[in-house]
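Novice: Next up is a structure, given as structure tokens.
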Amino acid sequence: MAFAVASLRSVARRRWGLAATLQQVSGPGRLTAAPFSSAVLSNHYDTGSLLRSPTPDDVNAFREMLGQSPGSVLTSLEDVESYNTDWTKHYQGTSSLVLRPKSTKEVSDILRYCDDHYLGVVPQAGNTGLVGGSIPVASAPAQEVILSIERMNQITSWNPTTGIITGQAGGILQDWQDYAQQKGVMIPVDLGSKGSCLIGGTVSTNAGGQYYARYKSLHANVVGLEVVLAGGEILRLNLQETTSNNNDKESKNNTVLCNLKDNTGYDLKHLFIGAEGSLGIVTKVALWCSSAYPTSRCAVLCACTSLEQVQECLPVARRVLGETLAAFEFMDQAVTELVAANCSGSISGMIPQQQRAMTTIHFIHIIAF
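In our numbering, the protein residues as written are 3 to 371.
What follows is the structure, encoded as structure tokens:
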């Protein structure tokens, strides 16, 4: 299954330059595509022959497109190295061109140009993933262009009435959390990589985080998206942003038209949440925040001797803690031993060595606030 998922992800990335959408798997390593543009694709091992590597003329075109802004086009080996390697250092790409736009229009112009000129594109956010999804395919016949959204990092609107924060997709999750805390509310997702992961990547991977038990997935909390399709088309899904005459700095001088409740027609934004950039690049996010930032919290670490006990703990926690239950995370013995072997002062010190040798220990981390 892991190989199949990786193969599908690679195919989706390779077809970015052709604005194709995948329809069905016709066998190991084979896909049938229904293209939006003129190219017809059949076997993903052959799609690279339909794409080409970027040339100096393409680089010059991108520089003009991005207004000759310093740092918007990276081509040196030293500059692009970190974009070609994931956090695990296990996956290594060979792209020689990184584009770093600052606006939705620039993303649109880039994708339209790449689609017209048969250039493959790899969307990249914080590059904190562990499966190589944001790394160019090293074995591809043609080099792919990395499109990083990291410079699109502005929080553009806060609505105290609805509790919705809107901003560009390149904002760091920690910055969104800090901004929300200043407003007295809480971002409904929290990850270990929050200091470097970007909100657009978080949405595109539908990252769950530790507060899933209370706030569920991002499908339940993202109320609006702005997305750019492979051909450059811009979709605004329950998100319209207009310039405001309000001089209040807190409002960011923007008015966002974003319905907290909308049950009309198709809710297309859900197609892009968790799509990992294969259907479009998320450029703006409108996110609902919880009504109040917690002023106190309680954390408990429970040790269980069987998986059955672990399962019994969840309904007990729900019954006893009620709506205050925020997190319920499980670590099996294999994970616990890995932590014990690599981290000093780890949780394994809580269990006597003799007991650990005789008993299988599973840990549950419970947070309530």
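Heads up, the beta-carbon is just placed ideally off N, CA and C, and yes, glycines get one too.
Look at the Cβ atom of P190, then the Cβ atom of N223, and state whether they are nearer than 9 Å.
Specialist: A contact, by the Cβ cut-off of 9 Å.
Novice: What runs of the alpha helix (DSSP H), each 4 residues or longer, lie entirely inside the stretch 63-108?
Specialist: Counting whole runs of 4 or more residues, the stretch 63-108 contains the alpha helix (DSSP H) stretches 79-82.
Novice: Starting from G226 and walking both ways along the beta strand (DSSP E), at which residues does that stretch end?
Specialist: First-last of the beta strand (DSSP E) with G226: 224-230.
Novice: Mapping the DSSP letters down to three states, classify S150 as helix, strand or coil.
Specialist: Here S150 sits in strand by DSSP.
Novice: In this structure, what does DSSP give as the bridge partners for Q242?
Specialist: Note: Q242 sits in a beta bridge opposite L259.
Novice: Note the first and the last residue of the continuous alpha helix (DSSP H) segment covering T57.
Specialist: No alpha helix (DSSP H) contains T57, which DSSP labels as neither H nor E.
Novice: Going by alpha carbons, who is nearest to L239 out of G282, K218, I201, S198?
Specialist: Ranking G282, K218, I201, S198 by Cα distance to L239 puts G282 first.
Novice: Which ranges would you report for the alpha helix (DSSP H) in the stretch 181-224 if only whole runs of at least 4 residues count?
Specialist: If we require 4 residues or more, the alpha helix (DSSP H) runs fully inside the stretch 181-224 come out as 201-206, 214-217.
Novice: With contact counted as at least three CB pairs below 8 Å, one residue from each stretch, are the stretch 264-283 and the stretch 315-324 in contact?
Specialist: Touching, no, given that fewer than three Cβ pairs across the two stretches are closer than 8 Å.
Novice: Would you mind sorting V258 into buried or exposed? The rule is 16 or more other CB atoms within 10 Å of its CB.
Specialist: It counts as buried.
Novice: When the Cα atoms are used, what is the spatial distance from V139 to A127?
Specialist: Cα to Cα, V139 sits roughly 16 Å from A127.
Novice: If you follow the beta strand (DSSP E) that N161 is in, where does it begin and where does it stop?
Specialist: 157-161 is the extent of the beta strand (DSSP E) around N161.
Novice: If you measure between the beta carbons of I201 and T106, is that distance less than 9 Å?
Specialist: Going by C-beta atoms, I201 is not nearer than 9 Å to T106.
Novice: How many angstroms separate the CA atom of A336 from the CA atom of E146?
Specialist: Cα to Cα, A336 sits roughly 38 Å from E146.
Novice: Quick one: give me the first and last residue of the beta strand (DSSP E) that P317 is part of.
Specialist: Here P317 belongs to no beta strand (DSSP E); instead the alpha helix (DSSP H) covers 309-323.
Novice: From what residue to what residue does the beta strand (DSSP E) around T130 run?
Specialist: Premise fails: T130 is in no beta strand (DSSP E) and is neither H nor E.
Novice: So, with DSSP's three-state summary, where would you put E339?
Specialist: DSSP places E339 in helix when its eight states are reduced to three.
Novice: With DSSP collapsed to three states, give me the class of Y115.
Specialist: Y115: helix per DSSP, three-state reduction.
Novice: Buried or exposed: C116, going by 16 or more other Cβ atoms within 10 Å of its Cβ?
Specialist: C116 is buried by the Cβ-count criterion.
Novice: Using alpha carbons as the reference points, say which of T244, F330, V187 lies closest to S293.
Specialist: Measuring from the Cα of S293, the nearest candidate turns out to be V187.
Novice: Applying the 10 Å Cβ sphere with the 16-neighbour rule, what's the burial state of Q242?
Specialist: Result: exposed.
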